[in-house]
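What follows is a single structure, written as structure tokens, with notes after it.
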Amino acid sequence: MTPPPQRPGKQINLMRGWPAHSLLPAEALRAAAQKALSDPAVYQPGLEYGPDQGYQPLREALARWLSAFYSGAGGADTSSGSDGNGNGKYSHAPDADRIVITGGASQSLACLLQSFTDPALTRRVWMLAPCYFLACPIFADAGFAGRMRAVPEDAEGVDLGFLERELRAVDAEAEAEKDGERKGFKDPGPYRKIYRHVIYCVPSFANPSGKTMSLARREGLVKLAREFDALVICDDVYDQLQWPVASPDDAAPTTTDEFPARLTKALLPRLIDIDLFLGPSPHDPSPSSPAHSFGHVVSNGSFSKLSGPGVRTGWTESSAALARGASQTGSTRSGGAPSQLAATVLAELLSSGALDAHVARTLRPAYRRRHALLLAAVREHLAGPLGARVSEAVRVPSPSVSGGDLLVYGGYFLWISLPEGGGAPPARAVAERCLAEENLVVGAGPRFEVHGDEAAVRFERGLRLCFAWEDEAALVEGVERLARVIRRMMDEGAGTGVPDPGAGVGDVGQLK
Ligand SMILES: Cc1ncc(COP(=O)(O)O)c(C=O)c1O
310 MTPPPQRPGK QINLMRGWPA HSLLPAEALR AAAQKALSDP AVYQPGLEYG
360 PDQGYQPLRE ALARWLSAFY SGAGGADTSS GSDGNGNGKY SHAPDADRIV
410 ITGGASQSLA CLLQSFTDPA LTRRVWMLAP CYFLACPIFA DAGFAGRMRA
460 VPEDAEGVDL GFLERELRAV DAEAEAEKDG ERKGFKDPGP YRKIYRHVIY
510 CVPSFANPSG KTMSLARREG LVKLAREFDA LVICDDVYDQ LQWPVASPDD
560 AAPTTTDEFP ARLTKALLPR LIDIDLFLGP SPHDPSPSSP AHSFGHVVSN
610 GSFSKLSGPG VRTGWTESSA ALARGASQTG STRSGGAPSQ LAATVLAELL
660 SSGALDAHVA RTLRPAYRRR HALLLAAVRE HLAGPLGARV SEAVRVPSPS
710 VSGGDLLVYG GYFLWISLPE GGGAPPARAV AERCLAEENL VVGAGPRFEV
760 HGDEAAVRFE RGLRLCFAWE DEAALVEGVE RLARVIRRMM DEGAGTGVPD
810 PGAGVGDVGQ LK
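Residue 539 in our numbering sits at position 230 of the sequence shown, and the numbers go up by one each step.
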């Protein structure tokens, strides 16, 4: 019998999806805030109610910044777009009319559902699984409890065949029940429309899977949305956090100036860029009128992962018609865009180049190094000896890189899949024992199953590990603790144990 383990004193939290305190740009924010609050032309509007679509200088700065980052994305250098189609095809000139300032991606998701869905008329919410688990209660609050459906993925991303079949089946059933004759709860008025379906996804460096959807799947998903009158809500919150994969022995570069130039641009076009390229949709209420050309995608962006979640500020980019409609959400009209004061500070941070400098000199090098250390520890302690699989980098064919392909990773998370056979225990039981025996918090796969449709796509063997919160040494030690627990459980024959389905790890507040 193994003696009861000594629980280590210091907790290591590999579940928490927050930026480490050492990575917060406090000094740059202080300078930006001081500047904003010293100029009446800035602080007066900043401290008053703002316009519905948000602080205009931030809208304009974001429009330029986003256009510069996404223009030329998915070019001939990118594996998923190897036909070269993406090269410039999906680029768009800056247009502040397409941007709305929000209170961050979570608040914005709630507002989008208030404005563009009606639980009486919107048939289903389709969520790529595993999903960002905190989106589920936002959909439930909007009236979609019990109508969220899990959509499986493969290595390239969304399973388009599955989604198309299921959309068709749901539509056929709804039409047989004559749901078109049903009266909605809401009157969308002239600036909004009610979509039949919602599709929710994180196309790049996803939370929790770390996956990046290929260009072909992005194009296919937009096509399906346009056919089935769906609004695709993309949480594009990690796109800027990308780096060439390093080995743990690589000296961390002090700036991303050493990164290949390819990585100054987004790896792939966003789904909104593809939808804008395709122009008016047959489902638009009056397709010939730009004022009613809503399109089918909204990009939901956030400053949370760039300048710190406490700023509670984000943006959406969409068609100008959808942007106008989004800004007409009731709570926005009463008081103007949220985060009005923060928006003045962030406009300064963006326009001065300080945000770009922070991303290039602090975030990308730090996350690159942390990712390399965590990955190496996972390979050494979990993949090799236990047969676990780990989320893979995106392969970008790059003639400029010696040795061929450039491997790119990004975001905050590694996703681990424990083997099905061989006696490896289920993830929920592992997470419980990690906390009890090793003072280690990890995210167990079932937490990321789609609420109400868990059985459709299960993640009983999945684990999410975040490399943004803990410091480098703790990342490595965390994986060692995790491997110890799994080995101990395997020695005990716990692999066949059935976990208590009601048990979770910690409260959601400490995890996010
Ligand atoms: C996919 C995804 N969407 C939204 C959020 C939350 O964004 P915000 O802080 O802007 O509300 C997160 C944070 O972890 C996330 O990972």
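Note that CB positions come from ideal geometry on N, CA and C, so glycine has one too.
Check for me: the beta strand (DSSP E) holding Tyr718 runs from which residue to which?
Taking the sequence shown and counting its residues from 1, the one referred to as residue 718 is at position 409. Tyr718 -> beta strand (DSSP E) spans Asp714 to Gly719.
Excluding five sequence neighbours on each side, which residues of the same chain lie with their C-beta closer than 6 Å to the C-beta of Val620?
As a working mapping, residue 620 is identified with position 311 in the sequence shown. So the qualifying residues of the chain are Phe612 and Ala651.
Can Ala652 be considered in contact with ligand 1, in the sense that its beta carbon sits closer than 7 Å to one or more heavy atoms?
Taking the first residue of the sequence shown as 1, we reach residue 652 at position 343. Flag unset: Cβ of Ala652 not near ligand 1.
Return the bridge partner residues of Leu784 from the DSSP annotation.
Counting from one through the sequence shown, the residue named residue 784 turns up at place 475. Answer by DSSP bridge pairing: none, since Leu784 is not bridged.
Pick out whichever of Arg704, Lys502, Arg796 and Ser648 has its Cα sitting closest to the Cα of Ser602.
The count along the sequence shown starts at 1 and reaches residue 602 at position 293. If we check each option's Cα against that of Ser602, Lys502 comes out closest.
Run through the region 471 to 496 for me and flag every whole beta strand (DSSP E) of 3 or more residues, listed as ranges in chain order.
For the region 471 to 496, not a single whole beta strand (DSSP E) run of length 3 or above is found.
Check for me: the alpha helix (DSSP H) holding Pro446 runs from which residue to which?
Position 137 of the sequence shown, counting from 1, holds the residue named residue 446. That run of the alpha helix (DSSP H) goes Ala444 to Phe448.
For ligand 1, list every residue whose C-beta falls under 6 Å from any of its heavy atoms, going in chain order.
Per the Cβ criterion, the list is Gly326, Gly413, Ala414, Ser415, Tyr441, Val511, Asn516, Asp544, Val546, Ser611, Ser613, Pro618, Gly623 and Lys821.
Is Lys520 buried or exposed, if buried means 16 or more other CB atoms sit within 10 Å of its CB?
Locating residue 520 in the sequence shown gives position 211, where the first residue counts as 1. Classification for Lys520: buried.
Can you say whether Phe494 is buried or exposed, counting buried as having 16 or more other CB atoms within 10 angstroms of its CB?
Here residue 494 corresponds to residue number 185 of the sequence shown, with the count starting at 1. With fewer than 16 other Cβ atoms within 10 Å, it is exposed.
For Asp348, is the classification buried or exposed, using 16 other Cβ atoms within 10 angstroms of its Cβ as the cut-off for buried?
Stepping through the sequence shown from its first residue, residue 348 is reached at position 39. By the neighbour-count rule (16 or more Cβ atoms within 10 Å), Asp348 is not buried but exposed.
Of the residues Asn609, Val554 and Ser628, which one's Cα is nearest the Cα of Thr590?
Mapped onto the sequence shown, residue 590 falls at position 281. Here the sequence assigns Ser to residue 590, which means Thr is not the residue at that position. Nearest option by C-alpha distance: Ser628.
Confirm, please, whether the CB-CB distance from Gly754 to Met799 is below 8 Å.
Here residue 799 refers to the residue found at position 490 when the sequence shown is read from its first residue. Here residue 754 refers to the residue found at position 445 when the sequence shown is read from its first residue. It is not a contact, given that the beta carbons lie outside the stated cut-off.
Can you tell me whether DSSP reads Cys775 as helix, strand or coil?
Position 466 of the sequence shown, counted from the start, is the residue given in the question as residue 775. Of the three classes helix, strand and coil, the one that applies to Cys775 here is strand, per DSSP.
Classify Pro706: buried if its beta carbon has 16 or more other beta carbons within 10 angstroms, exposed otherwise.
By one-based count along the sequence shown, residue 706 stands at place 397. By the neighbour-count rule (16 or more Cβ atoms within 10 Å), Pro706 is not buried but exposed.
In its own chain, which residues sit with a C-beta less than 6 Å from the C-beta of Gly910, not counting the 5 before and 5 after it?
Lying before the first or after the last residue shown, residue 910 is absent from the chain, which here runs from 310 to 821.
Compare the Cα-Cα distances from Ile847 to each of Arg797, Pro366 and Leu524 and report the closest residue.
The question about residue 847 has no answer, for the chain in this structure spans 310 to 821.
Consult DSSP for Cys440 and reduce its assignment to one of helix, strand or coil.
In the sequence shown, the residue the question calls residue 440 occupies position 131. In the structure shown, Cys440 sits in coil (DSSP, three-state: anything other than H, G, I, E or B).
Pair every Cβ in the region 373 to 380 with every Cβ in the region 353 to 362, then say whether three or more of these pairs are closer than 8 Å.
Judged by Cβ distances under 8 Å, the region 373 to 380 makes no contact with the region 353 to 362, as fewer than three pairs qualify.
Going by the CB atoms, is the gap between Ala419 and Ile823 shorter than 8 Å?
Outside the shown range of the chain (310 to 821) lies residue 823, about which nothing can therefore be said.
Check each candidate in Pro517, Leu476 and Pro497 and name the one with the smallest Cα separation from Leu443.
Working through the sequence shown from its first residue, we reach residue 443 at position 134. Checked all of Pro517, Leu476 and Pro497; the closest Cα to Leu443 is Pro517.
Compare the C-alpha of Arg790 against each of Ala765, Ala764 and Leu744 and name the closest.
Locating residue 790 in the sequence shown gives position 481, counting from the first residue. That would be Leu744, whose Cα lies nearest to the Cα of Arg790.
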